[in-house]
Structures are given as C-alpha cells and as structure tokens.
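Sequential numbering from 1 applies to the sequence shown in UniProt numbering. C-beta: ideal position from N, C-alpha, C; glycine also. Have a look at the structure below before the remarks.
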Amino acid sequence: MEISQSWSKIIHDGSSPPFDSSLPLEISQGETRHLLAVEMNEIGLKDEAETKIQVRGLNKVSDKGDCILNSVSVDIPGGVIMGIIGPSGSGKSTLLRALNRLWEPPKNTVFLDGNDICGIDVLFLRRKVGMLFQLPVLFEGTVADNIRYGPKLKGKKLSDDEVYKLLALADLDSSFFNKSGGELSVGQAQRVALARTLANEPEVLLLDEPTSALDPISTQNIEDVLVKLKKDQKMTIVMVSHGIKQIQRIADVVCLLVDGEIVEIMKPDQLSEANHPMALRFLQLSS
Ligand SMILES: Nc1ncnc2c1ncn2[C@@H]1O[C@H](COP(=O)(O)OP(=O)(O)OP(=O)(O)O)[C@@H](O)[C@H]1O
Ligand SMILES: [Mg+2]
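Here it is in structure tokens:
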C-alpha cells in the first residue's frame with residue numbers, strides 16, 4: 001500500500017497517532033495497522049489545504065460493553081465533501097454526532113481547526129458545526145421564524161433581505177417566507193432546515209442521511225445546494241449516506257465504516273478498487 005507522508009494523509013492506524021498529522025508515521029510489519037492516503041491534489045485541493053476536523057483515536061463502548069467506535073482517526077480537510085458509508089449499526093451517526101458534541105467525545109479526540117472541541121463552548125461549536133438530520137423538524141411559526149431562530153438566540157434579528165438570501169441559498173424562492181412548516185413537503189422542509197442551519201453561518205455541515213426521505217428531485221436540489229456551498233463558501237461537509245450513487249455524484253472523498261472502524265478512505269470513483277469486501281458489496285448493491 002502506498003503511504004504518503006504529506007499533510008494530505010488521511011489516517012486510521014488503530015492507535016492514537018500524533019496530533020500533528022504532518023509527522024511521519026511508520027508501519028511495522030505484523031501490526032494490524034491500516035493507513036490510506038488520498039492526495040489532496042487528486043480531489044482538486046492544494047496540498048497545503050487546512051485540516052478542518054481531526055479525529056484521533058476515538059472510541060465508544062456501549063453500556064453493555066460493545067464496541068461502537070474503535071479507535072477512529074481521520075483528517076477531514078476544509079472545503080471538501082466527505083461521504084461516510086457503512087452498514088446499518090456501523091457507527092456512522094455516532095461518529096457524526098461526536099463532531100459537534102451531540103454525543104460528547106472523550107477529551108483530545110476531536111479537534112476543530114486544531115482545538116479540542118471539548119474546550120469550545122457547546123453552543124458556539126454547534127453554530128460553527130451545523131447539523132441536518134434525516135427528517136427535518138421545523139419549529140412552530142413561519143419559515144422566516146425558523147430561519148431567524150439561530151441568530152435571534154445570539155441577539156441578532158435577521159432582516160427580510162437576509163432571510164430571502166438564506167432561502168435562495170437553500171434553493172427556495174421568496175414565496176416560502178411566510179409559509180408554515182405544515183404547508184411544506186418533506187423536501188421543502190429539509191431545505192428550510194438547511195437554510196435555518198446556514199443562518200448560523202456554519203463552517204462545517206454535518207448531514208445524517210439528509211435525503212433518504214426525499215424524492216429524486218428534492219434530493220437533487222439538496223445535492224446541488226451542497227455542491228454550491230462547498231464551491232462558493234468553501235464549506236466543509238461531512239455526509240452520511242446509504243446512496244453510493246449520491247456519494248459518487250457529490251463527495252470528494254469517501255470513508256467506509258464497518259463495525260465502528262474506518263476500513264477504507266478513498267476517492268468515490270476508486271470504490272471498485274477497495275480492498276474491503278464491504279466496499280465492493282456496497283458498490284454491487286447500488287449498481
Ligand atoms: N445511545 C445508545 N446507547 C447504546 N447503544 C447505542 C446508542 N446509540 C447507538 N448505539 C449503538 O451503536 C451502534 C452504532 O449506531 P449508529 O446509530 O451510530 O449506527 P449507524 O451506522 O448510524 O446505523 P444506521 O445506518 O442504521 O443509521 C449500534 O449498534 C447502535 O445500536
Ligand atoms: Mg445512522
């Protein structure tokens with residue numbers, strides 16, 4: 001296996017690697033280590049692109065003693081869409097939830113811009129690292145009320161123009177401004193939830209199967225918005241999806257999680273070259 005020692009390394013090696021991922025890593029024979037590299041220039045980024053999120057040796061054990069996450073280490077570069085795939089129960093949502101402390105990770109395991117997220121005020125963190133779930137839950141009131149919610153908590157009232165801009169960002173026209181949640185389709189409500197998250201000006205978006213309840217057109221709308229956010233705002237996006245085709249359409253890099261372990265990290269179009277049988281199985285089932 002080719003091992004890159006550049007910054008661009010995306011690693012999972014079964015131990016707690018050094019925080020500075022530019023440090024060389026050595027693999028001794030006989031060790032059950034697993035290290036994969038994706039060159040940033042291969043996914044259209046310069047090698048010196050910043051790591052936005054670092055996960056280091058993240059473990060989670062259930063109350064019954066079952067391993068849910070097993071020493072997960074990964075670097076998520078800024079301005080990319082990283083897809084996370086894996087069988088049901090493999091720990092995808094748990095990993096995602098650790099990134100904005102919906103599940104509190106142990107100290108010194110998750111870093112945002114180099115800072116341990118456990119040391120960051122949790123509300124501040126969740127504004128910076130927004131999240132969207134499978135099914136949107138809108139608050140009572142109008143679409144505009146929903147979009148204004150986050151900034152209002154900070155004491156800021158968004159102007160109508162700002163709300164319209166956020167609607168447009170989520171590919172919703174101005175007619176939605178005064179609608180109530182009950183008048184919306186699930187796909188439209190999901191875009192409102194996205195606009196509401198964007199109102200907090202996040203730098204990272206975490207998406208847990210955001211389109212699994214949507215029809216193909218709504219799915220495409222959301223995908224288009226995500227790609228645009230990445231391109232125009234350099235947003236870092238981490239998306240759990242069961243749709244390999246979706247991952248192949250929009251992700252720059254894909255991470256395969258099996259039984260709480262990252263077993264492959266690669267470009268989506270390299271899935272067919274993956275060593276892990278589960279990656280191949282995903283590919284077969286989706287074709
Ligand atoms: N709060 C919890 N308490 C105990 N076990 C949990 C808890 N949350 C998740 N688990 C267990 O952790 C494992 C991983 O769950 P997780 O929801 O992260 O999987 P997933 O990969 O997102 O699955 P899916 O594709 O079905 O959404 C599962 O075995 C689940 O039963
Ligand atoms: Mg899940």
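Rounded to the nearest angstrom, how far is the Cβ of residue i from that of residue j, given a contact under 8 Å?
i	j	result
T197	L138	Contact doesn't hold; Cβ gap of about 12 Å is too wide.
V80	T211	Between T211 and V80 the Cβ distance is about 19 Å, and since that is not below 8 Å, they are no contact.
residue 288	Q190	Outside the modelled stretch of the chain, which goes from 1 to 287, sits residue 288, for which no answer is possible.
A193	G150	No, A193 and G150 are not in contact; Cβ-Cβ is about 11 Å, not under 8 Å.
V254	L226	So it is not a contact: roughly 15 Å between Cβ atoms.
M239	L256	Actually they are not in contact, since the Cβ atoms of M239 and L256 sit about 14 Å apart, beyond 8 Å.
K107	D116	6 Å
A195	L158	So it is not a contact: roughly 11 Å between Cβ atoms.
G187	D161	Not quite, the Cβ-Cβ distance comes to about 25 Å (not below 8 Å), so this is no contact.
D208	L96	6 Å
I247	L283	At roughly 10 Å, the Cβ-Cβ gap does not stay under 8 Å, so I247 and L283 are not in contact.
G260	G130	Not really, about 25 Å apart at Cβ, beyond 8 Å.
Y164	S174	6 Å
Let me check understanding here. Comparing Cα to Cα, which of the options lies closest to residue i?
i	options	result
M82	G114, Q134 and S241	S241
N70	P77, D63 and G57	G57
V258	L280, L102, A189 and I247	L280
D113	L158, V55 and R97	V55
L229	G243, R97 and L206	L206
N59	G130, I262, K152 and K179	I262
F124	P202, L256 and I244	P202
A144	L214, G91, G181 and K234	G181
D232	D224, D215 and K107	D224
K234	I265, P87, G78 and I68	G78
R127	G141, K152, L184 and I84	K152
G89	T109, K179 and C67	C67
G141	D160, E183, F111 and K154	E183
S73	D63, W103, R101 and F111	F111
S185	V204, L283 and A213	A213
I53	S174, V204, R148 and E104	V204
F177	K154, I84, W103 and I147	I147
D252	I76, E50, D63 and K64	I76
S62	P87, W103 and E50	W103
residue 291	I84, G65 and T51	As displayed, the chain neither begins before 1 nor continues past 287, which places residue 291 out of reach and without an answer.
T219	L285, V163 and Q134	Q134
May I ask you to list the residues that DSSP assigns as paired with residue i?
i	result
T236	V204
T51	P77
L125	Beta-bridge pairing links L125 to no other residue.
residue 297	Outside the shown range of the chain (1 to 287) lies residue 297, about which nothing can therefore be said.
S180	T142
L132	L207
List the endpoints of the continuous alpha helix (DSSP H) containing residue i.
i	result
L167	D160 to L169
D145	V143 to L153
V137	No alpha helix (DSSP H) holds V137; DSSP gives it neither H nor E.
T197	V186 to L198
Q246	I244 to I250
What are the boundary residues of the beta strand (DSSP E) that includes residue i?
i	result
L257	V253 to V258
What residue ranges within the segment 59-119 form continuous alpha helix (DSSP H) runs of no fewer than 4 residues, ordered along the chain? Counting only unbroken stretches of 4 or more residues, the alpha helix (DSSP H) elements lying wholly within the segment 59-119 are 92-98, in sequence order.
Closer than 7 Å: residues whose CB approaches a heavy atom of ligand 3: As far as ligands go, the structure on display features ligand 1 and ligand 2 and does not contain ligand 3.
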